[in-house]
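*Asks:* Pasting a structure here, questions to come.
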Amino acid sequence: MNVRTRFAPSPTGFLHIGGARTTLYNWLFARRHQGVFILRIEDTDEVRSTEDSVQAILDSMRWLGLDWDEGPVDQQKDLGPYAPYYQMKRLELYQRHVRELVQAGKAYPCYCTKEELDAMRKLAMAEKRPVRYEGRCRDLTDRQRSELEASGRKPSWRFRMPDEGQTVVDDMVRGRVSFDNKLLQDLVIQKTTGGPTYNFACVVDDHHMEITHVIRGDEHLSNTPSQLRLYEALGWAPPCFAHLSMLLGPDGSKLSKRHGATSVLEYKTAGFLPAAMRNYLALLGWSTTDSRQLFFGDELIGAFDLAGCQKNPAVFDRAKLEWMNGEYLRKLDLRELMAHAGPFLAAAGLSGALTPPLERTVALEQEKCKLLTDVPNRVDFFYKEVAFAEKAMAGVLRKPGVKDILLDLAGALGGLEPFEEKPLEGAIRDYCGQKGLKTSQVFHPVRAACSGRTEGPTLFGMLALLGKDKVVGRLRAAAGLL
Ligand code: GLU
């Protein structure tokens with residue numbers, strides 16, 4: 000089978016974590032099977048769809064590295080054999096199929112106004128009946144229809160659902176799920192505006208775009224029986240369905256803004272790497288039999304499989320995502336790290352030819368970074384005046400004897416040649432020996448005085464990179480504060 004999957008967002012907001020996971024699974028599945036991955040913009044909600052949202056979706060997917068083979072290139076252009084991929088540009092197609100259903104007696108005009116429908120809904124709720132369209136316009140005579148039209152009412156068009164029996168969804172994640180047809184309502188397929196509704200446009204497009212697998216969030220499972228009925232009425236074979244587990248926040252409620260950032264681009268700004276994000280999102284609802292956590296390079300594509308998707312909700316855990324990002328960050332080679340960290344460094348005023356060179360300080364601190372935003376924070380002391388952390392000042396420097404140690408070392412290191420890692424280590428250890436001091440009594444104050452911190456990478460490497468003038472100057476300046 001030539002696999003064809005699609006991500007079909009409604010452009011009514013940013014691409015959020017749940018949408019990103021859906022698009023990732025579709026992408027992984029298509030890539031795994033050398034298939035085609037399609038992006039289709041479901042912009043049929045005339046009120047809520049915005050161009051900004053389309054842009055945010057394109058930007059988010061590009062940032063995540065999820066390339067699509069067919070679909071929009073930008074706000075105007077789209078590419079692919081089934082173009083257009085913006086639903087609002089496909090209205091004629093939907094209308095043609097509505098006419099086909101009407102001619103076959105499978106769809107009918109409904110003249111109920113919004114107010115009337117609202118009133119029916121309220122009444123059903125008050126009487127504790129299921130809220131569904133009761134079929135008031137199902138069997139109007141031609142005469143009744145003409146009268147309603149003459150009174151100025153514009154119809155929407157409804158699809159006639161069966162009243163009895165069951166519709167079974169054979170889902171690749173959920174298994175067989177059965178729905179009572181009497182609970183399915185005659186759904187609107189074309190609005191009074193002439194535009195299609197989601198359920199109808201989705202079926203028409205999935206058919207015409209030859210989608211083989213519909214992989215989407217589990218909130219759409221309840222739409223699937225109605226969609227299956229539409230496939231049947233139109234005489235089309237349905238695709239395979241896979242509904243992904245729900246995403247929860249750490250407190251067990253549905254993942255939402257309350258749990259922190261939900262938009263993908265916020266994670267970009269927060270300093271996450273796209274590859275780490277992909278790895279983390281992949282594990283939100285999917286696992287291998289050996290519960291493997293890290294997949295580098297193309298390993299995810301090789302491992303992904305719908306059989307490993309679980310029904311149970313997945314919990315979004317930012318701490319785990321940060322851990323994972325650190326794992327990815329440490330694995331980057333220096334050139335890649337500089338490319339990713341460049342914008343974050345520049346935003347902190349660190350760019351161009353600096354002394355010591357940025358590549359060297361970044362390389363030295365790489366081990367300690369979890370997020371790209373950590374990179375400027377970790378190297379800025381090489382270039383800017385030392386800002387003493389409370390722990391460094393109160394906990395380390397303001398201790399008896401420290402002032403003398405700093406002044407002694409400023410003297411000893413002032414004459415050290417060459418000012419490199421090994422000789423620095425030799426000189427400082429010698430000093431400890433002469434004074435009968437434990438190394439920690441000396442190393443900690445030196446680090447605190449030169450970097451303002453109590454932790455960091457190798458002390459001697461850091462001193463060597465800082466250079467003699469800065470080290471001696473900082474030892475003296477810190478002593479002066481004590
Ligand atoms: N436009 C729908 C949404 O954004 C797509 C659902 C589907 O994949 O069928 O939720």
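Taking numbering that gives the first Met the number 0, the leading residue of the sequence shown gets 0, the next gets one more, and so forth. Using N, Cα and C, we set each Cβ at its ideal position, and we do this for glycine too. Remember, it's a predicted structure, so these values are computed and weren't measured experimentally.
1. Note the first and the last residue of the continuous alpha helix (DSSP H) segment covering Gly174.
2. So, is Gln86 buried or exposed, given that buried needs 16 or more other C-beta atoms within 10 angstroms?
3. Measuring alpha carbon to alpha carbon, tell me which residue in Gly248, Gly251, Met208 is nearest Pro238.
4. Hey, Ile16 and Thr372: beta-carbon distance below 8 Å or not?
5. Which of the three DSSP states is assigned to Ala236 in this structure?
6. Could you pull the start and end residues of the alpha helix (DSSP H) that Phe36 belongs to?
7. The beta strand (DSSP E) that contains Ile404, what's its start and end?
8. Flag this pair as touching only if the region 108-128 and the region 160-175 have three or more C-beta atom pairs under 8 Å; answer yes or no.
9. Which ranges does the beta strand (DSSP E) cover as unbroken runs of at least 3 residues, wholly within the region 198-236, from first to last along the chain?
10. Sorry if obvious, but does the Cβ on Ser59 come closer than 7 Å to a heavy atom of the ligand GLU?
11. Return yes when the C-beta of Tyr197 is under 7 Å from any heavy atom of the ligand GLU, and no when it is not.
12. Which stretch, first to last residue, makes up the beta strand (DSSP E) that contains Thr4?
13. Is Glu114 helix, strand or coil by DSSP?
14. Could you give the first and the last residue of the continuous beta strand (DSSP E) run that contains Tyr107?
15. Quick one: Cα of Leu182 to Cα of Arg131, how far?
16. Taking 8 Å as the cut-off, does the region 336-348 touch the region 372-387 (at least 3 CB pairs, one atom from each stretch)?
17. Near Gln354, what residues of its chain come up, given a Cβ to Cβ distance below 8 Å and the 5 sequence neighbours on each side ignored?
18. Please report the Cβ distance between Glu311 and Ser255, rounded to the nearest whole angstrom; I am assuming they are in contact, meaning their Cβ atoms lie under 8 Å.
19. Per DSSP, what kind of secondary structure is Trp482 in: helix, strand or coil?
20. How would you write the range of the alpha helix (DSSP H) that Val263 sits in, first residue to last?
21. List the endpoints of the continuous alpha helix (DSSP H) containing Trp67.
22. Check whether the Cβ atoms of Leu305 and Ala388 lie closer than 8 Å to each other.
23. Beta strand (DSSP E) containing Asp170: first to last residue?
24. Mind checking Asn278: buried by the 16 CB within 10 Å criterion, or exposed?
25. Taking 7 Å as the cut-off, is the C-beta of His219 nearer than that to any heavy atom in the ligand GLU?
26. For a test of your reading of the model: does the CB of Ser48 fall under 7 Å from any non-hydrogen atom of the ligand GLU? Yes or no.
27. By the three-class DSSP mapping on this structure, what secondary structure does Arg89 have?
28. Quick check on Met323: buried or exposed, where buried means 16 or more other Cβ atoms within 10 Å of its Cβ?
29. Are three or more beta carbon pairs between the region 56-68 and the region 20-32 nearer than 8 Å?
30. Is Gly460 closer than 8 Å to Glu420 when the C-beta atoms are compared?
31. For Ala482, collect the residues of the same chain with a Cβ closer than 6 Å to its Cβ; drop the 5 residues on either side in sequence, then sort them by chain order.
*Replies:* With the structure as the only source:
1. Careful: Gly174 lies outside any alpha helix (DSSP H), inside the beta strand (DSSP E) at 174-179.
2. buried
3. Met208
4. no
5. coil
6. Careful: Phe36 lies outside any alpha helix (DSSP H), inside the beta strand (DSSP E) at 35-38.
7. That residue, Ile404, is in no beta strand (DSSP E); its alpha helix (DSSP H) goes 401-413.
8. no
9. 212-216
10. no
11. yes
12. 3-6
13. helix
14. 106-109
15. 7 Å
16. yes
17. Per the sequence shown, the amino acid found at residue 354 is Thr instead of Gln. Excluding sequence neighbours, Thr354 sits near Gly466.
18. The identity of residue 311 in the sequence shown is Asn, whereas the question assumes Glu. That belief does not hold up - the Cβ atoms of Asn311 and Ser255 are roughly 19 Å apart, past 8 Å.
19. Any answer about residue 482 is impossible in this case: the structure gives the chain only from 0 up to 481.
20. 263-268
21. Trp67 -> no alpha helix (DSSP H), and no H or E assigned at all.
22. no
23. 165-170
24. buried
25. yes
26. no
27. coil
28. buried
29. yes
30. yes
31. Here the chain covers residues 0 to 481 and nothing more, so residue 482 does not appear.
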